[in-house]
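Last residue of the sequence shown: 809 in this note's numbering, with the numbers rising by one and none dropped.
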Amino acid sequence: MSNPGCFGFKSWLFAIASTTALLGCSPGGGVDPPPTPELGDADDDLRKSLADLHASVLALPESGEMRGRLAMAYDINEFEQTAVATYEQAEALDSKRFAWPYFRALVLGKTSDYESALEAMDRAIAIDDGYVPTWLWQGEWLRELGRYDEAVDAYRRAEALGAASVAVPGRAQILLDRGLAEEAVALLEPMVEEDPHPHLHRMLGQAYRTLGRTDDARIAMARGRQATPLRWYDPRVSERADYIFGYSGRLRHAQDLIRSGAVREALKVMDSIGTVRPDDPPFIGTLAWAYTEAGRVDEAVDVLRAGLETHPDYYRFHRHLAQAYLEKGDRGRLRHHLEQVVAANPSDSWAHEQLGLLATQEGRHDDALAAFDEAIKNGAENPAIVLHTSAMIEGARERWPEAIERFQRAVAIDESFTIGFIYLGRSLAEAGRFEEARDALAWAERLDTNPRELASAHARLRDLEKELP
341 MSNPGCFGFK
351 SWLFAIASTT
361 ALLGCSPGGG
371 VDPPPTPELG
381 DADDDLRKSL
391 ADLHASVLAL
401 PESGEMRGRL
411 AMAYDINEFE
421 QTAVATYEQA
431 EALDSKRFAW
441 PYFRALVLGK
451 TSDYESALEA
461 MDRAIAIDDG
471 YVPTWLWQGE
481 WLRELGRYDE
491 AVDAYRRAEA
501 LGAASVAVPG
511 RAQILLDRGL
521 AEEAVALLEP
531 MVEEDPHPHL
541 HRMLGQAYRT
551 LGRTDDARIA
561 MARGRQATPL
571 RWYDPRVSER
581 ADYIFGYSGR
591 LRHAQDLIRS
601 GAVREALKVM
611 DSIGTVRPDD
621 PPFIGTLAWA
631 YTEAGRVDEA
641 VDVLRAGLET
651 HPDYYRFHRH
661 LAQAYLEKGD
671 RGRLRHHLEQ
681 VVAANPSDSW
691 AHEQLGLLAT
701 QEGRHDDALA
711 AFDEAIKNGA
721 ENPAIVLHTS
731 AMIEGARERW
741 PEAIERFQRA
751 VAIDESFTIG
761 FIYLGRSLAE
771 AGRFEEARDA
781 LAWAERLDTN
791 PRELASAHAR
801 LRDLEKELP
């Protein structure tokens with residue numbers, strides 16, 4: 341509670357009631373100091389940077405801007421509860437600033453406190469109701485709470501502001517939640533024609549399954565097998581990036597930037613921490629990764645070679661060098677480093693797969709099959725493709741039973757794998773198993789892709805049937 345002696349005049353009470361409720365008063369009559377988090381094993385740079393910001397807030401206790409900066413630092417460095425409280429203080433000091441209730445809402449939503457998140461988001465919307473992500477977040481949180489009509493309204497507002505690609509699937513998910521599968525299909529089918537995002541296919545598969553359209557559901561679910569949630573561009577959150585402190589936090593930030601394609605920004609971050617731990621293997625590997633993604637492969641190679649001199653037993657440098665030489669098309673060096681990877685880490689499926697592709701290109705088919713089998717055994721990222729590639733080797737050698745077995749395993753993993761069904765059909769036809777071949781090609785036809793290859797397979801099946809006595 342606020343100190344009843346803090347303010348000298350009763351006439352002020354109404355004007356400052358909301359501020360005192362949030363901030364209270366210190367014994368000396370000023371604003372409460374900002375909270376501090378438990379830093380645990382945080383590194384020295386993070387500790388110092390947070391301490392400096394905290395001191396700035398104490399020096400300017402009435403500044404909403406300074407308190408908001410501290411809140412952003414807590415937020416982006418994952419001190420979530422402390423960030424929530426500090427954003428609240430910043431908002432009380434500067435109630436017209438959109439960022440403070442908005443960022444507070446995002447942190448609350450991240451911690452699944454949707455009711456509080458929605459209250460904060462309402463205040464952000466009152467300041468700027470034209471910022472699309474506010475409505476998308478509001479729709480998502482309202483749906484989580486089962487407040488479907490309000491969620492639909494939020495999604496429609498987002499759609500009106502130009503965010504149909506995310507807002508319409510949001511409305512479709514609400515229809516699915518309500519058991520209105522036919523209406524969900526009506527929304528989703530036109531969307532997947534324009535944007536075959538795996539998440540949309542997965543939603544469509546759920547709707548088909550509810551309607552009893554089993555085959556359509558199998559295809560859609562297979563196409564949505566690697567679905568990730570739909571997300572949207574939110575430029576305001578980048579304001580917090582300047583407050584990522586500490587070596588580890590900045591290194592993770594650089595890696596996230598590389599994954600998102602922002603390689604130039606990632607290299608700037610790497611440059612800012614280059615003198616902190618220049619010989620740290622994760623730093624060297626990330627820098628080489630950034631150089632490779634930027635097309636500066638020779639620089640990546642130089643960095644990794646120097647890293648191997650310092651850390652000769654760090655096998656990941658061999659993996660990074662293999663990726664670099666793959667980019668350069670240098671097969672000899674590629675093979676050498678791939679062999680070093682599997683010697684140090686036999687469970688590295690990517691290295692086994694690349695060795696299989698190298699052996700295929702060089703006509704060493706038995707070696708290729710052995711490498712592909714190792715990749716599958718160790719969890720290949722896309723096992724259907726690896727199995728298909730190995731099946732093509734067996735087909736080229738006219739080993740039809742072996743080819744069929746591998747194609748069957750591939751399409752069992754991915755029932756939307758059109759080319760897999762086509763070549764399964766061709767292999768079955770070559771083996772004289774015509775009825776099974778027709779079934780495989782019929783499924784490929786249902787998938788409605790690769791028409792040229794499908795027509796060729798049908799023609800080959802007809803020719804083989806004509807050859808029967």
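Glycine is no exception: its CB is placed at the ideal position from the N, C-alpha and C atoms.
Under the rule that 16 or more other beta-carbon atoms within 10 Å means buried, what is residue i, buried or exposed?
i: Pro530; result: exposed
i: Gln566; result: exposed
i: Gly479; result: buried
i: Ser811; result: In the structure displayed, the chain extends from 341 to 809; residue 811 sits before or after that span and is not available.
i: Ser730; result: buried
i: Leu808; result: exposed
i: Arg746; result: buried
i: Leu476; result: buried
i: Ala736; result: exposed
i: Gly601; result: exposed
i: Thr632; result: buried
i: Pro509; result: buried
i: Trp572; result: exposed
i: Glu533; result: exposed
i: Thr626; result: buried
i: Gly586; result: buried
i: Asp653; result: exposed
i: Glu428; result: buried
i: Ser578; result: exposed
Who are the Cβ neighbours of residue i in its own chain at under 7 Å, not counting the five residues just before and after it?
i: Thr650; result: Asp619
i: Ala512; result: Ala524, Leu527, Leu528 and Met543
i: Asp468; result: Phe438
i: Ala750; result: Ala724, Leu727, His728, Ala731, Phe757 and Gly760
i: Trp481; result: Gly449, Tyr454, Ala457 and Leu458
i: Leu398; result: Pro373
i: Gly696; result: Ala708, Ala711, Phe712 and Ala715
i: Ser588; result: Asp383
i: Leu661; result: Val641, Leu644 and His677
i: Pro473; result: Trp572 and Asp574
i: Ala797; result: Ile762, Gly765, Arg766 and Leu781
i: Asp493; result: none
i: Phe663; result: The sequence shown places Gln at residue 663, not Phe. Answer for Gln663: Thr632, listed in chain order.
i: Leu393; result: Arg409, Leu410 and Ala413
i: Ser687; result: Asn718
i: Gln748; result: Leu764
i: Pro569; result: His539
i: Gly368; result: Residue placement at Gly368 is poorly supported in this model, since its pLDDT is 37, which falls under 50; the coordinates still yield a value, given next. Cβ within range, chain order: n/a, list empty.
Can you round the beta-carbon distance between residue i and residue j to whole angstroms, since I take them to be within the 8 Å contact cut?
i: Glu693; j: Phe712; result: 7 Å
i: Ile759; j: Glu793; result: 6 Å
i: Pro375; j: Thr426; result: 6 Å
i: Asp415; j: Arg580; result: 6 Å
i: Gly765; j: Leu801; result: 7 Å
i: Ala498; j: Ala507; result: 4 Å
i: Ile762; j: Ala784; result: 5 Å
i: Ala634; j: Leu666; result: Their Cβ separation, rounded to whole angstroms, is 16 Å, which puts Ala634 and Leu666 out of contact at 8 Å.
i: Ala445; j: Ala430; result: Between Ala430 and Ala445 the Cβ distance is about 13 Å, and since that is not below 8 Å, they are no contact.
i: Val603; j: Ala630; result: 6 Å
i: Phe623; j: Leu648; result: Not a contact, Cβ separation roughly 14 Å.
i: Glu755; j: Ile613; result: At roughly 46 Å, the Cβ-Cβ gap does not stay under 8 Å, so Glu755 and Ile613 are not in contact.
Excluding sequence positions up to five away, which residues of its chain have a Cβ less than 8 Å from the Cβ of residue i?
i: Val525; result: Leu544, Ala547, Tyr548 and Leu551
i: Thr700; result: Ala708, Thr729 and Ile733
With a threshold of 7 Å, establish whether the CB of residue i neighbours any heavy atom of the ligand ATP.
i: Glu523; result: The ligand ATP is not among the ligands present in this structure, which contains no ligands whatsoever.
Using a Cβ-Cβ cut-off of 6 Å (strictly less than) and excluding sequence neighbours within five positions of residue i, which residues of its own chain qualify?
i: Leu515; result: Glu523 and Ala524
i: Leu488; result: Position check: residue 488 holds Tyr in this sequence, whereas Leu was assumed. So the qualifying residues of the chain are Ile514.
i: Thr422; result: Pro375, Pro377 and Tyr414
i: His705; result: Ile733
So within the stretch 443-518, which uninterrupted beta strand (DSSP E) runs reach at least 3 residues, ignoring any that extend past its ends? none
Go through the stretch 379-456 residue by residue and report every complete run of the beta strand (DSSP E) that reaches 3 residues or more, in order. none
Where are the beta strand (DSSP E) runs, 3 residues long or more, that stay fully inside the stretch 730-769, in chain order? none
Minimum length 3: unbroken beta strand (DSSP E) runs contained in the stretch 653-698: none
Segments assigned alpha helix (DSSP H), at least 4 residues, entirely inside the stretch 605-644: Within the stretch 605-644, the complete alpha helix (DSSP H) runs of at least 4 residues are 621-633.
If you scan the stretch 780-809 from start to end, which runs of the alpha helix (DSSP H) of 4 or more residues do you find wholly inside it? Secondary structure remark: continuous alpha helix (DSSP H) runs of at least 4 residues inside the stretch 780-809, in chain order: 791-806.
Any chance you could list the alpha helix (DSSP H) runs of at least 4 consecutive residues sitting entirely within the stretch 544-596, in chain order? 554-563
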